[in-house]
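Each residue of the sequence shown is one higher than the last, beginning at 1 in the working numbering.
The beta carbon of each residue, even a glycine, is placed where N, CA and C say it ideally should be.
Structure first, commentary second.
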Amino acid sequence: MQGIKRFINQLRAKSPWLLHFDCGSCNGCDIEILACLTPVYDVERFGIIHVGNPFHADLLLTSGTVNHRNKKVLANLYSQMPSPKIVVAIGACGLSGGIFREAY
């Protein structure tokens, strides 16, 4: 429990910068993620910044089902992120495989 509290306190020290990676989704979740980054919802007012470089990211946001074709790319992105790092899966496909679960 102390490790989790220490990790959360490290994250609170600065605003989270996120890197979004689409693993092969239907783009339903991607539309919602990108909508959060627009001026309508404006998550940047909370300090959350979308970056395109894994070297600057604190949080890896994935959408879609991870398949054989992109699992090496995803692992490479994760290895390039500085510690502490967090991975968040978004949507039914990212969490359980969704309708594409048995496709690959």
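Can the beta-carbon of residue i be found closer than 8 Å to that of residue j?
i: Ser63; j: Asp42; result: no
i: Leu18; j: His68; result: no
i: Phe21; j: Leu74; result: yes
Please classify residue i as buried or exposed, where buried requires at least 16 neighbouring CB atoms within 10 angstroms.
i: Ser79; result: exposed
i: Ser96; result: exposed
i: Ile90; result: buried
i: Met1; result: exposed
i: Gly94; result: buried
i: Ala57; result: buried
Per DSSP, what kind of secondary structure is residue i in: helix, strand or coil?
i: Cys23; result: strand
i: His68; result: coil
i: Ser151; result: Outside the modelled stretch of the chain, which goes from 1 to 104, sits residue 151, for which no answer is possible.
i: Ala57; result: coil
i: Ala35; result: helix
i: Ser96; result: helix
i: Ile48; result: coil
i: Val87; result: strand
Assuming the contact rule is C-beta atoms closer than 8 Å, residue i and residue j should be a hit. Round their C-beta distance to whole Å, please.
i: Cys23; j: Val66; result: 5 Å
i: Ile99; j: Leu61; result: With a Cβ gap of about 21 Å, Ile99 and Leu61 do not count as contacting.
i: Leu59; j: Pro16; result: 5 Å
i: Pro84; j: Phe55; result: With a Cβ gap of about 14 Å, Pro84 and Phe55 do not count as contacting.
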